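The sequence shown begins at 53 in my numbering and counts up by one.
Here's the structure, in C-alpha cells; my notes come after.
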Amino acid sequence: MHESVAQAQELLAGWVNKVSKRGGKIFIPAFAVGRVQELIYELHGLERAGLIPDVPIYVDSPLAVNATDIFRLHPEAFDKTEQLIRMTDDLFHFKLVSYVRKVEESKRLNERRGPAVIIAASGMAESGRILHHLRNGLDDHRNLVLMVGFQASHTLGERLRSGASEVKIFGEEVKVRAQVALISGYSAHADRPELLAWTNGLGPKPRRAFVVHGEQDRLEGMASLLREAGVSDVAIPTLGQAFEL
Numbered sequence: 053m054h055e056s057v058a059q060a061q062e063l064l065a066g067w068v069n070k071v072s073k074r075g076g077k078i079f080i081p082a083f084a085v086g087r088v089q090e091l092i093y094e095l096h097g098l099e100r101a102g103l104i105p106d107v108p109i110y111v112d113s114p115l116a117v118n119a120t121d122i123f124r125l126h127p128e129a130f131d132k133t134e135q136l137i138r139m140t141d142d143l144f145h146f147k148l149v150s151y152v153r154k155v156e157e158s159k160r161l162n163e164r165r166g167p168a169v170i171i172a173a174s175g176m177a178e179s180g181r182i183l184h185h186l187r188n189g190l191d192d193h194r195n196l197v198l199m200v201g202f203q204a205s206h207t208l209g210e211r212l213r214s215g216a217s218e219v220k221i222f223g224e225e226v227k228v229r230a231q232v233a234l235i236s237g238y239s240a241h242a243d244r245p246e247l248l249a250w251t252n253g254l255g256p257k258p259r260r261a262f263v264v265h266g267e268q269d270r271l272e273g274m275a276s277l278l279r280e281a282g283v284s285d286v287a288i289p290t291l292g293q294a295f296e297l
C-alpha cells in the first residue's frame with residue numbers, strides 16, 4: 053500500500069530535516085517527466101510552509117529541466133484549488149532550487165560540501181547523472197538515497213532498496229554506507245486497495261480481467277484478490293499470448 057499524499061509529504065520533510073542536520077546529501081533517482089516536477093512542487097510547498105531548512109536543491113537532468121520548462125508553459129493544466137498554485141506564478145521556481153544543464157556544473161556537485169538535495173534521472177538508477185552522484189556518495193554514511201518510485205527487479209535501484217552492501221557502478225565496486233529509504237506515496241500507479249475499489253465500483257462486476265505490468269509475485273497476488281472479489285476469469289498474460297474477447 054502507498055502512503056497518503058499527506059504522509060508522503062511528512063516523510064519527505066522529515067528526511068530533508070534529518071539528513072541536513074547530519075551534514076549529508078539526499079540523492080533522489082527520479083523519472084525526468086512527471087516525477088521530478090512533482091517533487092519540486094512538493095519541496096516548494098514544504099519550503100513555503102517553513103517545514104524544511106534552507107538546503108540547496110539541484111535538479112540535475114537535462115531532460116527533466118526541459119520538461120519542467122514545458123510544465124511552466126501550461127499552468128492551466130494544474131488544479132487551481134491547490135493552495136500553492138494560488139500563491140505563486142511559478143510552481144517550479146523558488147529560492148532553494150537550481151536547474152543543472154551543463155556537464156561541468158553536474159560534476160561540481162560531487163565536489164560540493166555540506167547538505168544538499170540532488171534529484172536526477174533515471175528513476176531506477178540504471179542510467180543518467182544519478183549514477184555519478186551515487187558512485188561519489190554511496191560510501192558516506194551521512195548521505196541518503198531516497199527512492200520515490202517503483203524499482204524493477206535486477207535494477208540498481210532495486211539492489212539498493214533491498215539492502216545491498218556493495219554495488220557495481222561503471223564497472224567499479226562501490227560500498228553502500230549511505231542510508232536507503234523509500235517513499236511510495238508518489239507512485240503514479242494505483243495500489244491494491246485502489247485497484248480493488250475501482251473494480252468493486254464497476255457495475256455489473258466484470259466477468260474477465262487481465263493483470264499486467266508488474267513483478268510476477270505481485271501479479272499473482274493481485275489476480276488472487278480479484279478472484280476473491282468475484283471476478284471469475286482472471287488471466288496473467290505472457291508475452292505474445294493471444295486472447296479471444
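Using N, Cα and C, we set each Cβ at its ideal position, and we do this for glycine too.
These figures come from a predicted structure and were not determined experimentally.
Does the count of Cβ pairs from the segment 70-85 and the segment 166-175 closer than 8 Å reach three?
Touching, yes.
Close-in-space but distant-in-sequence residues of the same chain around Q293 (CB under 6 Å, 5 per side omitted):
Mapped onto the sequence shown, residue 293 falls at position 241. Contacts found: none.
Is the distance from the Cβ of Y238 to the Cβ of V200 below 8 Å?
Numbered from 1 along the sequence shown, position 186 holds the residue referred to as residue 238. Numbered from 1 along the sequence shown, position 148 holds the residue referred to as residue 200. Yes. Within cutoff.
Can the beta-carbon of L190 be found less than 8 Å from the beta-carbon of R229?
As a working note, residue 190 is residue 138 in the sequence shown. As a working note, residue 229 is residue 177 in the sequence shown. Using a Cβ distance threshold of 8 Å, L190 and R229 count as a contacting pair.
Tell me, to the nearest whole angstrom, how far the beta carbon of V107 is from that of S72; I am working on the premise that it is less than 8 Å.
On the sequence shown, residue 107 is found 55 positions in, with the first residue counted as 1. On the sequence shown, residue 72 is found 20 positions in, with the first residue counted as 1. That pair is a contact at about 5 Å.
Local conformation of K77 per DSSP, three classes
The sequence position of residue 77 within the sequence shown is 25, counting from 1. K77 falls in the strand class under three-state DSSP.
Helix, strand or coil at Q293 according to DSSP, with G and I counted as helix:
Within the sequence shown, numbered from 1, the residue matching residue 293 stands at position 241. DSSP places Q293 in the coil class of the three-state scheme, outside both helix and strand.
Nearest-angstrom Cα separation, counted from L91 out to E163:
Numbered from 1 along the sequence shown, position 111 holds the residue referred to as residue 163. Numbered from 1 along the sequence shown, position 39 holds the residue referred to as residue 91. Distance between the alpha carbons of E163 and L91 is about 24 Å.
What residues match up with F130 in a beta bridge as DSSP calls it?
Against the sequence shown, residue 130 aligns to sequence position 78. In DSSP, F130 forms no bridge with anything.
When DSSP builds the beta bridges, which residues end up paired with D112?
Here residue 112 is taken as the residue at index 60 of the sequence shown, counted from 1. Beta-bridge pairing links D112 to V152.
Leaving out five residues before and five after R153 in sequence, what residues of the same chain have Cβ atoms less than 7 Å from its Cβ?
Counting from 1 along the sequence shown, the entry for residue 153 is found at position 101. Taking C-beta separations shorter than 7 Å and ignoring five residues to either side along the sequence, the partners of R153 in its chain run P114 and V117, following chain order.
I'd like the span of the beta strand (DSSP E) that includes Q203, first residue to last.
Reading the sequence shown from its first residue, position 151 is the one you call residue 203. Looking at the DSSP string, Q203 is not in any beta strand (DSSP E), and its letter there is neither H nor E.
Report all residues from its chain with a CB closer than 8 Å to the CB of I179; omit the five preceding and five following residues, and keep chain order.
Indexing the sequence shown from 1 puts residue 179 at position 127. Before going further, note that residue 179 is Ser rather than Ile in the sequence given. Scanning its chain for C-beta atoms nearer than 8 Å, with the 5 sequence neighbours on each side dropped, one finds around S179 the residues A173, in chain order.
Integer-rounded CB distance, given that D192 should sit under 8 Å from I66
To locate residue 66, count along the sequence shown from 1; it is residue 14. To locate residue 192, count along the sequence shown from 1; it is residue 140. Strictly speaking, residue 66 in this sequence is Gly, with Ile absent from that position. Rounded, the Cβ-Cβ distance is 20 Å, inconsistent with contact.
D269, DSSP secondary structure in three states
As a first step, residue 269 must be located in the sequence shown, where it is residue number 217. In this structure, D269 counts as helix in the three-state DSSP scheme.
Ignore the nearest five residues each way along the sequence and tell me which others in V283's own chain have a CB closer than 8 Å to its CB.
Locating residue 283 in the sequence shown gives position 231, counting from the first residue. Counting only Cβ-Cβ distances below 8 Å, and skipping sequence neighbours, we find T251, K257, P258, R259, R260 and A261.
Taking the alpha-carbon of D121 as reference, which of H96, A242 and Q89 has the nearest alpha-carbon?
For the purposes of this step, residue 121 is taken as residue 69 along the sequence shown, with counting starting at 1. Out of H96, A242 and Q89, Q89 has the C-alpha closest to the C-alpha of D121.
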